Structure formats: C-alpha cells, structure tokens
Amino acid sequence: MVVVDSKVSALPAPVAEPRKLAVHFSSQSNEWTTPRSVFDELDGEFHFTLDPCCTHENAKCKRHFTAAENGLAQNWKGQTVFTNPPYGREIGLWMRKAYHSALAGATVVCLVPARTDTIWWHAYATKGEVRFLKGRLKFGNATASAPFPSAVVVFRKSRAKSKDRSHWHNGQLELPI
Ligand SMILES: C[S@@+](CC[C@H](N)C(=O)[O-])C[C@H]1O[C@@H](n2cnc3c(N)ncnc32)[C@H](O)[C@@H]1O
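Rendered as structure tokens:
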C-alpha cells in the first residue's frame, strides 16, 4: 500500500530552473565581469596597465581592447596585463597569448575557471604561478555564486624566446607530443 502524505501531495509540482538563470550561468555568456574586490586586490599587487578583453563598460584599465579591436591580435609586450578572458572554447587561445606575451616581455595575470581537466590548463596554466581561489566568485551583478571554481594564473615576464609549437585544428588545440 502506498501512503501519500497529504501535505506532500499538496505541494506544487517542481518547476524547471528559470531559463534566464540557466543562460546567465552557461558558457554561452562571455560577460563574467570580474568582481571589483578581486580586481582591486590584484591591481594593488601588480598595477595593471592593460585589459585586453572587455567591453568599454566593464574595462578594468584605461588602456583596453574590446572585441572590435580583438585583443588577441594586439601586441601586449611591455604591458602589465589583467585578463579575464571569454570562457568559451576560445579560452585556450587567450591562455596561449598570455603565456607567449610573458615570454615576449609582458606580465600577464589571468582570472580563469579552474578547469584543471582541460587541454589549455595543462598546456599553459601549469606553466604559470597558479593561485586557486577559495569558495566561488560572484561575477558582475550576480547574487549567486558561479557554478565553477576560479583560479588566478600569473605569467611573469621572461626573456626566454617564445617557442609556440601548438596550433588549432578543427576547433581543437593540438600540442606537440
Ligand atoms: C569574462 S569578460 C571580462 C570583462 C572584463 N575584462 C572584466 O574583467 O570584468 C570577457 C570580455 O571579453 C570580451 N571579448 C570577447 N572577445 C574579445 C576579443 N576578441 N577581444 C577583446 N575582447 C573580447 C567580451 O565582450 C567580454 O566583455
């Protein structure tokens, strides 16, 4: 015999997550605006001169590049760069740019999701100084925490020559073995 608690059966059926929330937290959204407190703490340490991926509204530095200028195609040499890159598949390109820009004389600090199982993490993040953030960030105006952990990866400027032997093929980053 199945006993149904009248209080439970009176509850409304569960509803799906509001669609707006799902989209806001998906990787389709590139606008994971850095929390001001996180930026200010890092800026106090590094004194950033360039934000290469932003809109004019969420730029963290006076000198900055939006998608229209394509920060990936710009020269970061000599700059102290803060980058919170787009979190889509192109994030590997930004990490590659950060790593090679450091080899060419920039200091680059990256705020990224701590996706330690990805190719880009192993190809680039592991070559930097990794600081895992405790807890989860609240990006932009969000009241809820992000559904992923974050890390700060620091690539300090180096005089070593850049030897980039990786390349992208069919949307996959291919690395030399
Ligand atoms: C995660 S948000 C970070 C925004 C801001 N820099 C911050 O820290 O709050 C990534 C930004 O990169 C911008 N973006 C996307 N593709 C870009 C490109 N090719 N060049 C420059 N900016 C780009 C997006 O519009 C978005 O504002």
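Positions in the sequence shown are counted from 1; adding 4 to them yields the numbering used here. We treat Cβ as the ideally placed atom computed from N, Cα and C, and that holds for glycine. Since we're looking at a predicted model, the values are computed, not measured.
Ranked by Cα distance from A72, the options T59, Q83 and T87 are led by T59.
Rounded to the nearest whole angstrom, the CA to CA distance from S149 to D55 is 24 Å. Under the three-state reduction of DSSP output, H68 falls in the strand class. For N74, the Cβ falls inside the 8 Å cut-off from some heavy atom of ligand 1. When DSSP reads this structure, R93 sits in no beta bridge, so it has no partner. Distance check between L76 and each of K142, D44, A102 and G139 places A102 closest, using alpha-carbon atoms only. Non-local beta-carbon contacts of H51 in its own chain, meaning distances under 7 Å to residues more than five positions away in sequence, involve T84 in chain order. In terms of side-chain proximity, the C-beta atom of A71 is found nearer than 8 Å to a non-hydrogen atom of ligand 1. Listed in chain order, the alpha helix (DSSP H) elements of length 4 or more contained wholly in the stretch 39-83 are 40-50. The beta carbon of P56 sits closer than 8 Å to at least one heavy atom of ligand 1. Taking the CA atoms as reference points, P153 sits about 6 Å from P117.
Taking a C-beta distance under 9 Å as the contact criterion, V112 and S105 qualify as a contact pair. In the DSSP assignment, A155 falls within the beta strand (DSSP E) that extends over S154 to F159. Taken atom to atom, the span from the alpha-carbon of V158 to that of W36 is near 19 Å.
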